[in-house]
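Okay, structure first, notes after.
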Amino acid sequence: MRAGTGNANFITSIGITIASSLFIGAVIAVLANGFVNGISLLFELHQTKMSEEVAGHNWFVQFSINICVLGLALVGVTKLKALLRGDSWQGPADIILASHTDHAAVDLKKGVVASIASFLSLSSGASLGQYGPIVHLGGVVGSWARQTRFAPKWGADIWLGCGVAAAISAAFHAPIAGIIFAHEAILRHFSAKAAAPISISAISASALSAWLFGGDRLLVMSAESVDILPHLPLLLLGGVIFALVAISIMKMNFLCIAHQDRLGPVSRGAVVVVLLALLGTALPDVLGLGLDTLKQLIAQDLIVTAVLLLFCFKFVAVLLSVYGGFVGGYFSPALYLGAAAGSLLNGVYAAIGMGIAGPLLIISGMAAVSACVIGAPVAVVVLVLELTMSYDFAVGAMICIVTASFIAHLSYGHSLFDKQLQNRDIDLSAGRVALSLSAQKVSDIMHQGFAFAAPDCSAQQALACLQKHHKSEIYLVNKDRRYRGKVLGIQLDDQTTAPASALIDKNRLSFTPDLSLLTAIEQAADFVGESIPVVTSDGILAGVVTEADLFAAFLQTQKNITAIEHG
128 MRAGTGNANF
138 ITSIGITIAS
148 SLFIGAVIAV
158 LANGFVNGIS
168 LLFELHQTKM
178 SEEVAGHNWF
188 VQFSINICVL
198 GLALVGVTKL
208 KALLRGDSWQ
218 GPADIILASH
228 TDHAAVDLKK
238 GVVASIASFL
248 SLSSGASLGQ
258 YGPIVHLGGV
268 VGSWARQTRF
278 APKWGADIWL
288 GCGVAAAISA
298 AFHAPIAGII
308 FAHEAILRHF
318 SAKAAAPISI
328 SAISASALSA
338 WLFGGDRLLV
348 MSAESVDILP
358 HLPLLLLGGV
368 IFALVAISIM
378 KMNFLCIAHQ
388 DRLGPVSRGA
398 VVVVLLALLG
408 TALPDVLGLG
418 LDTLKQLIAQ
428 DLIVTAVLLL
438 FCFKFVAVLL
448 SVYGGFVGGY
458 FSPALYLGAA
468 AGSLLNGVYA
478 AIGMGIAGPL
488 LIISGMAAVS
498 ACVIGAPVAV
508 VVLVLELTMS
518 YDFAVGAMIC
528 IVTASFIAHL
538 SYGHSLFDKQ
548 LQNRDIDLSA
558 GRVALSLSAQ
568 KVSDIMHQGF
578 AFAAPDCSAQ
588 QALACLQKHH
598 KSEIYLVNKD
608 RRYRGKVLGI
618 QLDDQTTAPA
628 SALIDKNRLS
638 FTPDLSLLTA
648 IEQAADFVGE
658 SIPVVTSDGI
668 LAGVVTEADL
678 FAAFLQTQKN
688 ITAIEHG
């Protein structure tokens with residue numbers, strides 16, 4: 128009977144796992160494709176149809192259309208930002224953080240608001256990307272699915288991994304890249320327990336997207352056989368150049384954000400909208416996602432002068448969009464600028480008689496720059512393979528990708544998302560245990576297991592209190608529990624005639640309730656004693672913690688992380 132019940136529970140568990148994975152994949156397939164197609168439809172409406180019917184060849188009318196559309200979108204984004212009550216926009220960095228610790232859950236309301244703001248920004252022509260918001264949307268759906276009634280008891284990392292893998296798979300029609308991206312960029316570990324649901328979500332999202340919305344890959348590239356060995360030095364040098372481009376994108380992004388407050392919101396928005404409208408009128412290809420231009424770059428349909436203009440003005444348009452407060456991702460701009468950089472570099476090589484035939488260097492450029500920005504070199508190599516269906520192109524791109532990623536990692540950081548978290552004093556490189564401990568507070572483990580007495584008590588009274596409670600330290604507090612100090616029992620034994628308050632140790636360690644456990648463990652490394660007081664900012668003794676409490680919290684955290692990474 129017990130064996131039959133166990134088999135039934137096992138089968139039920141497998142069924143629920145498969146059903147939940149399929150459900151996430153299906154929901155994200157619809158949302159991701161709706162997001163992408165909606166942006167494309169609205170952007171085409173005001174940049175193509177409206178321009179042809181209303182503006183014609185009149186640049187001033189086109190300029191006016193650009194101003195109106197961008198201005199209205201920025202007003203909408205500003206109104207949505209007010210709903211966050213001063214908090215920053217959520218994005219892929221928040222999904223990465225949430226997957227590393229259960230103490231940083233994804234806020235569903237903020238996630239939905241950020242997705243709407245991204246949709247408004249990108250459909251209006253802001254020069255940012257759609258794949259970051261799609262990844263974030265996938266994480267939000269995964270987090271929401273975790274809270275449903277029949278959800279299996281997975282860790283947060285598996286739910287978020289399912290959502291992210293499905294999002295990449297649906298957007299690119301590249302399920303293998305989606306699976307690897309979720310493990311490499313988001314979860315940053317591989318677990319057999321997570322592999323099955325993540326893979327099912329990614330494959331189901333790709334299949335459903337193909338069935339409902341068409342199965343064409345986002346970038347269809349005709350790839351011929353390429354001899355990599357003769358071009359190896361050129362590809363290695365290209366990796367160095369592409370690393371510099373990626374680092375410039377990331378550094379300038381944070382520089383723009385840091386200087387946003389130099390102008391008021393209204394003035395800043397007006398300046399950015401006018402400048403973007405001018406750029407879009409003079410060079411329409413720099414607005415929006417730029418996927419059509421990306422295809423032209425890969426097809427090598429543009430002359431070097433045109434590519435140089437596109438690279439420079441696209442870079443400016445991206446920075447203006449960030450500075451103005453539009454919301455979007457960085458993967459699409461990285462693809463665009465990387466492809467343009469590859470095209471320019473190949474032009475330089477051709478000028479000295481060393482050009483690489485075909486779009487190999489262009490594809491390598493877009494792959495290398497984007498891999499540095501998102502911190503997922505392996506996933507991008509697989510993405511190139513799935514998009515081009517060419518082993519040679521994947522190997523050639525991999526040379527640039529690993530070279531650029533190595534340089535960017537050493538000279539700047541792992542990714543743009545890691546830098547965003549570092550700006551919030553969150554260091555993923557410290558490891559999951561340290562990250563989890565830093566998210567837990569001393570107030571989570573403090574307790575009331577201590578002896579206390581009034582500050583005006585005698586040493587004999589304090590000693591009697593210690594003996595009654597079987598403690599070796601006594602805390603002196605006022606009637607309102609305001610902390611005055613701690614006295615060791617051995618001091619009371621030596622000087623029983625002195626008042627207890629005269630024996631307070633002025634140099635004893637104390638914590639605040641909001642101190643992280645990681646910092647508390649570091650500060651208590653040299654502590655000797657029975658317990659450590661936890662004192663609030665207004666001097667109230669809130670409780671105590673012992674070295675044993677800190678050690679137990681560390682071991683439990685380590686056990687939880689081991690279960691996640693090796694479960």
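In case it helps, our numbering puts the sequence shown at residues 128 to 694. We treat Cβ as the ideally placed atom computed from N, Cα and C, and that holds for glycine.
Proximity of residue i and residue j at Cβ, strictly below 8 Å
i              : j              : result
arginine 559   : isoleucine 688 : yes
aspartate 314  : alanine 323    : Note that residue 314 corresponds to leucine in the displayed sequence, not to aspartate. No, they are not a contact pair.
threonine 663  : proline 640    : yes
isoleucine 151 : glycine 269    : yes
glycine 265    : alanine 293    : yes
glycine 407    : serine 248     : no
alanine 153    : serine 326     : no
serine 250     : glycine 165    : yes
leucine 471    : valine 431     : yes
valine 509     : isoleucine 223 : no
proline 302    : valine 262     : no
valine 353     : glycine 523    : yes
valine 505     : glutamate 311  : yes
alanine 578    : leucine 593    : yes
leucine 414    : glutamine 174  : yes
Alpha carbon of residue i to alpha carbon of residue j, nearest angstrom
i                 : j                 : result
arginine 611      : glycine 396       : 54 Å
leucine 543       : alanine 370       : 13 Å
phenylalanine 638 : lysine 546        : 29 Å
leucine 235       : alanine 298       : 21 Å
alanine 182       : leucine 172       : Confidence at alanine 182 is low in this model, with a pLDDT of 49, below 50, so the placement of that residue should be treated as unreliable; the coordinate-derived value is given next. Cα to Cα, the separation comes out at about 13 Å.
leucine 436       : valine 475        : 16 Å
asparagine 380    : phenylalanine 438 : 16 Å
threonine 144     : phenylalanine 137 : 11 Å
isoleucine 601    : serine 565        : 29 Å
serine 167        : glutamine 650     : 54 Å
alanine 498       : glycine 666       : 50 Å
alanine 444       : methionine 516    : 32 Å
phenylalanine 440 : proline 411       : 10 Å
alanine 647       : alanine 304       : 41 Å
alanine 586       : threonine 228     : 47 Å
arginine 389      : glycine 452       : 13 Å
serine 328        : alanine 146       : 10 Å
serine 532        : alanine 283       : 28 Å
leucine 149       : glycine 365       : 41 Å
aspartate 583     : phenylalanine 681 : 38 Å
alanine 484       : histidine 536     : 30 Å
glycine 288       : serine 318        : 11 Å
serine 140        : proline 279       : 8 Å
6 Å CB neighbourhood of residue i in its chain, flanking five on each side removed
i              : result
isoleucine 384 : none
leucine 447    : Val399, Leu402 and Leu403
alanine 466    : Leu421, Leu424, Ile489, Gly492 and Met493
leucine 512    : Ala521
Assigned exposure category for residue i - 16 Cβ within 10 Å defines buried
i                 : result
tyrosine 518      : exposed
tryptophan 286    : buried
methionine 525    : buried
glycine 142       : exposed
alanine 557       : exposed
tryptophan 216    : buried
histidine 596     : exposed
asparagine 634    : exposed
alanine 652       : exposed
phenylalanine 162 : buried
aspartate 552     : exposed
valine 202        : exposed
histidine 541     : buried
Proximity test, residue i beta-carbon vs the ligand NAD heavy atom, cut-off 7 Å
i           : result
glycine 415 : With respect to the ligand NAD, the structure offers nothing, as it holds no ligand at all.
Cβ neighbours of residue i in the same chain (closer than 8 Å, five flanking residues each side left out)
i              : result
methionine 128 : Unreliable positioning characterises methionine 128 in this predicted model, as indicated by a pLDDT of 45, which lies under 50. The coordinate reading is nonetheless provided below. Excluding residues within five positions, none has a Cβ falling inside 8 Å.
tyrosine 450   : Cys383, Ile384, His386, Gln387, Arg395 and Val399
serine 459     : Leu255, Gly256, Gln257, Tyr258, Leu416, Gly417 and Leu418
Close Cβ partners of residue i (< 7 Å) along its chain, the five nearest in sequence each way excluded
i                 : result
phenylalanine 678 : none
threonine 684     : Val560, Ser563 and Leu564
leucine 464       : Val372, Ile376, Phe438, Lys441, Phe442 and Val496
aspartate 676     : Ile572
valine 604        : Phe579, Tyr610, Arg611 and Leu668
Worksheet item: Taking the runs of the beta strand (DSSP E) that are 3 residues or longer, which of them lie wholly in the region 535-619?
Response: Entirely contained in the region 535-619, the beta strand (DSSP E) runs reaching 3 residues are, in chain order, 578-580, 600-604 and 610-615.
Worksheet item: In the region 265-345, which residue ranges form an unbroken beta strand (DSSP E) of at least 3 residues, counting only runs that do not cross its ends?
Response: Within the region 265-345, no complete beta strand (DSSP E) run reaches 3 residues.
Discussion item. Threshold first: 3 residues or longer. Then list the beta strand (DSSP E) segments lying entirely within the region 629-669, N to C.
Written reply: DSSP runs (the beta strand (DSSP E)) wholly in the region 629-669: 659-662.
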